[in-house]
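Asks: Numbering (the numbering used here), first residue to last: 1104 to 1585.
Backbone N, C-alpha and C define an ideal beta-carbon position, used for all residues, glycine too.
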Amino acid sequence: MNKTIRRASVFCLLLVLALLLRVTWVQAYQGKALADNENNRRNLIGQYENPLGNIIVGGEAITGSVKTGGKDFGYKRTYTNGELYAPVTGFSSQAFGTSMLEGVYKKILNGSDDRLKTVMDMITNKRASPGNVLTTIDKDVQKAAYDALQGKQGSAVAINPATGEILAIVNNPSFDPGRISGANDGEAWKELSADNGKAMENVALRKPQAPGSTFKLVTMAAAIENGLVTNIDAPTGTPDPYTIPGTKTLLPSEAGSAACNNVSVRTALRLSCNNVFAELASKLGQDKMRATAEKLGFNANVETPVTTRLPSKYPSKKMSVDQVAQTGIGQFDVQATPLQIAMVTAAIENDGKLVAPHSVSEVTDSGGTVLESFKNPKVQQVLSPKTASMLRDAMKTVATEGGGKPAQVSGAEVGGKTGTAQRGVKNSLPPLAWFTSYGKMNNKQIAVAVMIENSDTDRSEIGGGRLAAPIAQKMMEAWLKK
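1. So, Ala1459 versus Ala1550, is the Cβ gap smaller than 8 Å?
2. Using DSSP with H/G/I as helix, E/B as strand and the rest coil, what is Gly1195?
3. Comparing the CB of Gly1359 with every heavy atom of the ligand SAM, is any distance shorter than 7 Å?
4. Considering just the uninterrupted stretch of the alpha helix (DSSP H) at Arg1309, what are its terminal residues?
5. Going by CA-CA distance only, name the one from Lys1255, Tyr1182 and Val1236 that's closest to Ala1409.
6. Output yes or no for whether 8 Å exceeds the beta carbon distance between Thr1317 and Lys1520.
7. Going straight from the alpha carbon of Gln1511 to that of Leu1320, what length do you get?
8. Short of 7 Å in beta carbon distance, which residues of its chain neighbour Gly1359, apart from the five on each side in sequence? Order them along the chain.
9. Give the range of the beta strand (DSSP E) segment to which Pro1533 is assigned.
10. Report all residues from its chain with a CB closer than 8 Å to the CB of Ala1121; omit the five preceding and five following residues, and keep chain order.
11. Among Gly1267, Leu1155 and Lys1499, whose alpha-carbon lies nearest the alpha-carbon of Lys1481?
12. Which runs of the alpha helix (DSSP H), 4 residues or longer, sit entirely within the segment 1470-1507?
13. Within the continuous alpha helix (DSSP H) that includes Val1207, where are the two ends?
14. Report the residue from Thr1370, Pro1276 and Ser1284 whose alpha carbon sits nearest the alpha carbon of Val1306.
15. Could you tell me the boundaries of the alpha helix (DSSP H) in which Ser1360 lies?
16. If you scan the segment 1313-1380 from start to end, which runs of the alpha helix (DSSP H) of 4 or more residues do you find wholly inside it?
17. Whose C-beta lies closer than 6 Å to the C-beta of Thr1239 among residues of the same chain, with five residues either side of it excluded?
18. Let me confirm a value: Trp1582 is counted as buried when at least 16 other C-beta atoms fall within 10 Å, else exposed. Which label applies?
19. Please state if the CB of Pro1488 and the CB of Gly1071 are separated by a distance shorter than 8 Å.
20. Verify whether the separation of the beta carbon atoms of Leu1155 and Leu1116 is less than 8 Å.
21. By the DSSP assignment, the alpha helix (DSSP H) with Met1303 in it spans what residues?
22. Quick check on Ala1297: buried or exposed, where buried means 16 or more other Cβ atoms within 10 Å of its Cβ?
23. Tell me whether the beta-carbon of Pro1355 lies closer than 8 Å to the beta-carbon of Asn1377.
24. Please return the same chain residues whose Cβ sits closer than 8 Å to the Cβ of Thr1107, not counting the five positions on each side in sequence.
25. Rounded to the nearest angstrom, how far is the Cβ of Arg1412 from that of Asn1404, given a contact under 8 Å?
26. Would Gln1438 and Ser1423 be called neighbours here (beta carbons separated by less than 8 Å)?
27. Excluding the 5 residues flanking Thr1350 on each side, which residues of the same chain have their C-beta closer than 7 Å to its C-beta?
28. So what does DSSP say about Gln1429, is it helix, strand or coil?
29. What does a CB cutoff of less than 7 Å around Gln1484 pick up in its chain, not counting 5 residues either side in sequence?
30. Let me make sure I understand the geometry here. Which of Asp1217, Arg1125 and Thr1166 has the alpha-carbon closest to that of Leu1204?
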């Protein structure tokens, strides 16, 4: 063999060895990563090769699967009352991926989660029978909120304060996830994605906005916890007209100066007197205000198990004294979701204990064996029982004598707080109308937050009571009178 042939042979041998090493590396070390890659179409085909597992409300599946008759995808996802439950389920689309519970539990629902596999499945790498996701949603409360929100743009959340179970998550507008579950639903996707995807936006969980005067519950809690308020019926000494500290700007209250001058905290909450709560926040200072807000869930993502993504916010950046005062009435840079405001009210109703809110009770395999359970959620004592009791006492006055009257449920104890949050430059956008409340009756309890975005209120505090409180009333009644 001449020199040239020998060199060519060695070179070819080295190429073969390199190929063998590369194949070994890919198969042994990169195989799983490649198999799990989101761009691997085989995974997508496998996901819809068989019927998916189901998301369940009140013992009934609100999802399903139907044969497509197509070449690639054997089945596609279907939804029962899709618009009603879309904020809970999200979507499972052959073309556009997954969201909400469909996304969080995608592997459970399509059978690829290792916890579902038998020993034989592991050996053969066969896709297991899919599991199911059991939610905490109450169909009656969900339907009551959905029906009441028709004709309005807004959202609502209800929580069982004692257990942390989320009883309702509702948005309007909503969408039917079945419209985009197939592989050729581009037109529907384009329609639903218009206006920055407003139809698919989960406002209840993922869109923090100015909470307005519902945040006065946090301010009042901070004042009581820090000893600034010891008697909710004692005059506060806060004048009205009231000048925002550090400025020459008067802060008006919708009830008027005469009604809010030197009033008690109870009266200030009932009339939503801005002067009292701005002054309390100013005296407490940013750090104490933020500490109380963070105990109640602000500045942290909430896992329901759907993550909130953008946490409700109490400002961490150093503020001036006038800015701190504005946060006391839920303005400046304070932002909250309906979920967050419902959490505040739930902690108040539950003697200061905040139970981690969750929309899933159990995750099971196809035979019903529990793989995950949320029945023992984390519980934190975020307010003293005395503080919670004083807050409830004041909130009851709002519901019996103030703007929260439309929320009353016959035979039940109800406490509430209205809120109207200004928006836009020089209040150019319609204000947000808020209402949050608790109700209890016959050893049952519920905390609710409702927010209306397209409010036609005249920017008076009664707006939240007039527009949002009747929705809260229907939700509470649906739960308390079951």
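Replies: In this structure, then:
1. For Ala1459 and Ala1550, no; Cβs fall outside 8 Å.
2. For clarity, residue 1195 is Ser in the given sequence; the question names Gly instead. Note: Ser1195 maps to strand in three-state DSSP.
3. In the structure on display, the ligand SAM does not appear, and there are no ligands present to speak of.
4. Counting along the chain, the unbroken alpha helix (DSSP H) around Arg1309 starts and ends at Val1306 to Arg1309.
5. According to the sequence shown, residue 1409 is Val rather than Ala. Of the candidates Lys1255, Tyr1182 and Val1236, the one whose C-alpha sits nearest the C-alpha of Val1409 is Val1236.
6. Yes, the pair counts as a contact, with Cβ atoms nearer than the cut-off.
7. Each residue's Cα considered, the two are about 19 Å apart.
8. Cβ within range, chain order: n/a, list empty.
9. Taken as a continuous stretch (DSSP letters only), the beta strand (DSSP E) holding Pro1533 covers Leu1532 to Met1544.
10. None.
11. Of Gly1267, Leu1155 and Lys1499, the smallest CA-CA separation from Lys1481 is found for Gly1267.
12. Complete alpha helix (DSSP H) runs here, min 4: 1488-1504.
13. If you look at Val1207, you'll find it in the alpha helix (DSSP H) that goes Met1203 to Val1207.
14. Comparing Cα-Cα distances from Val1306 to each of Thr1370, Pro1276 and Ser1284, the minimum goes to Pro1276.
15. Note, Ser1360: alpha helix (DSSP H), Ser1360 to Cys1363.
16. DSSP runs (the alpha helix (DSSP H)) wholly in the segment 1313-1380: 1319-1328, 1360-1363 and 1368-1374.
17. Taking Thr1239 as the centre and dropping the five residues before and after it, the same chain places the C-beta of Glu1268, Ile1269, Ser1462 and Ser1464 closer than 6 Å to its C-beta, in chain order.
18. The residue in question, Trp1582, is buried, as its Cβ has 16 or more Cβ neighbours within 10 Å.
19. With the chain covering 1104 to 1585 only, the question about residue 1071 has no answer from this structure.
20. Cβ atoms of Leu1155 and Leu1116: not closer than 8 Å.
21. Premise fails: Met1303 is in no alpha helix (DSSP H) and is neither H nor E.
22. Around the beta carbon of Ala1297, a 10 Å sphere encloses fewer than 16 other beta carbons of the protein chains shown; the residue is thus reported as exposed.
23. Going by beta carbons, Pro1355 and Asn1377 fall inside the 8 Å limit.
24. None.
25. Taking C-beta atoms under 8 Å as the contact rule, Arg1412 and Asn1404 qualify, at a distance of about 7 Å.
26. One thing to note: Gln1438 has its Cβ no nearer than 8 Å to the Cβ of Ser1423.
27. Once the five neighbours on either side are set aside, the close Cβ partners of Thr1350 are Asp1425.
28. Residue state, collapsed to three classes: helix.
29. Listed in chain order, the non-local C-beta contacts of Gln1484 below 7 Å within the same chain comprise Gly1455 and Lys1456, local neighbours out to five positions each way being set aside.
30. Minimum Cα distance to Leu1204 is reached at Thr1166.
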